[in-house]
Structures are given as C-alpha cells and as structure tokens.
Amino acid sequence: MKNASQLKELVQVARDGAEFYEQAGGQVQDAQLRGLFAQMAAAKRELINGLSASIAASGEDVPHGGTLAGSLQKAYGQVRAAVARNENRAWVAQLEDAEDRLLEHMRRAIREADDPSVLGQLEAYLPRVRDCHEQMRALKQRLAA
C-alpha cells in the first residue's frame with residue numbers, strides 16, 4: 811500500500827490524542843470538560859479505527875501504540891496541570907497542542923498522499939480533525955480570557 815507509513819503515523823498520533831483526552835478526562839472535576847474530552851477521544855478513536863482498517867486491509871501491520879513525543883506530551887501535561895493554578899486551563903492548553911500536532915500530521919499526509927483512495931479517506935476525516943482543533947483552540951482562548 812502506498813502511503814502506509816503516513817497512515818501508520820497518523821494512527822499513532824491519533825492514539826496519543828485519544829489517550830491524552832482519556833487521561834485528562836479522568837483528572838478534571840468539571841463535568842462539561844469531562845464530556846467534551848470524552849467526545850474528543852471518541853473522534854480520535856473513530857479516526858484510528860478507520861485508518862487501521864485500511865492499513866490492515868492492505869496487509870500491513872497496524873501500530874498498537876502511540877509515539878514517544880505523545881508520551882512525553884502526556885507526562886508534561888499531567889505535571890503542568892498538577893502545578894497550575896487553573897488545572898482546567900492547563901489541560902486544555904496541552905490538549906490543544908495535541909490537536910495542533912494531529913492536524914499538522916493530517917495535512918502533511920494529505921500533501922504527500924499519492925494513492926487516490928488514501929487521499930480520499932484522509933480528506934473525508936479532515937473536517938472532523940479541523941473541528942476538534944477549532945473547538946479546543948476556542949476553549950483555550952475562552953479560558954485564557
């Protein structure tokens with residue numbers, strides 16, 4: 811399969827995001843944030859499942875873990891939230907960074923896609939990835955005000 815490495819990388823980055831949202835959801839007290847974080851994690855899981863199915867259908871091995879950068883970002887996010895005056899703001903800021911990372915990887919995969927079916931699949935997921943990014947960016951701005 812052409813572009814398998816890009817899809818595998820996207821699966822790993824999306825898994826980083828899903829796990830980070832789940833971690834944050836277990837830490838925050840605010841019920842609305844817990845709900846939002848659960849929705850965001852579900853969006854990442856949908857992307858993971860869709861891309862994983864394509865990877866597996868092509869005979870490639872599906873990655874089952876995240877990335878080192880994602881693990882470091884989650885650890886930093888937990889430390890930052892623990893020492894922050896406003897824990898919610900700290901979690902949201904770190905999660906928005908994770909959204910930036912996923913969106914950038916998605917854009918790069920689209921630019922580099924040379925298989926029309928892969929490109930179509932990535933373009934189909936792009937609006938949801940952008941929407942999640944925009945939601946977290948707007949929330950980060952509201953909490954900073």
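Residue 889 in the numbering used here is what sits at position 79 of the sequence shown, and the numbering runs on without skipping anything.
Cβ coordinates follow ideal geometry from the N, Cα and C atoms, glycine included.
Since this is a predicted model, take the numbers as computed values, not measurements.
Serine 864 has its alpha-carbon roughly 13 Å from the corresponding atom of alanine 934.
Beyond the five residues adjoining it in sequence on each side, valine 928 comes within less than 6 Å, by CB distance, of Asn813 in the same chain, given in chain order. By the Cβ neighbour-count rule, serine 815 is exposed, with fewer than 16 other Cβ atoms within 10 Å of its own. 8 Å or more divides the Cβ of alanine 841 from the Cβ of cysteine 942. Distance from the CA atom of alanine 923 to the CA atom of leucine 936, rounded to whole angstroms, is 14 Å. In the DSSP assignment, valine 872 falls outside any alpha helix (DSSP H) and carries neither an H nor an E. In the assembly as shown, arginine 921 is an exposed residue. Its beta-carbon has fewer than 16 other beta-carbons within 10 Å.
Cβ neighbours of alanine 828 within its own chain (closer than 6 Å, five residues either side excluded): Ala851, Lys854 and Arg855. Close CB contacts of methionine 946 within its chain, under the 6 Å cut and outside five residues either way in sequence, are with Leu905, Glu906 and Glu909 (chain order). Rounded to the nearest whole angstrom, the CA to CA distance from tryptophan 901 to alanine 919 is 27 Å. Apart from sequence neighbours up to five positions away, the residues of its chain that approach phenylalanine 847 with a beta-carbon distance below 6 Å are Tyr831, Ala834 and Gly835, ordered along the chain. By the neighbour-count criterion, in which 16 or more other beta carbons inside 10 Å mark a residue as buried, alanine 867 falls on the exposed side. With at least 16 other beta carbons inside 10 angstroms of its own, glutamine 931 counts as buried. Counted as a single uninterrupted DSSP element, the alpha helix (DSSP H) harbouring aspartate 910 occupies residues 897-922.
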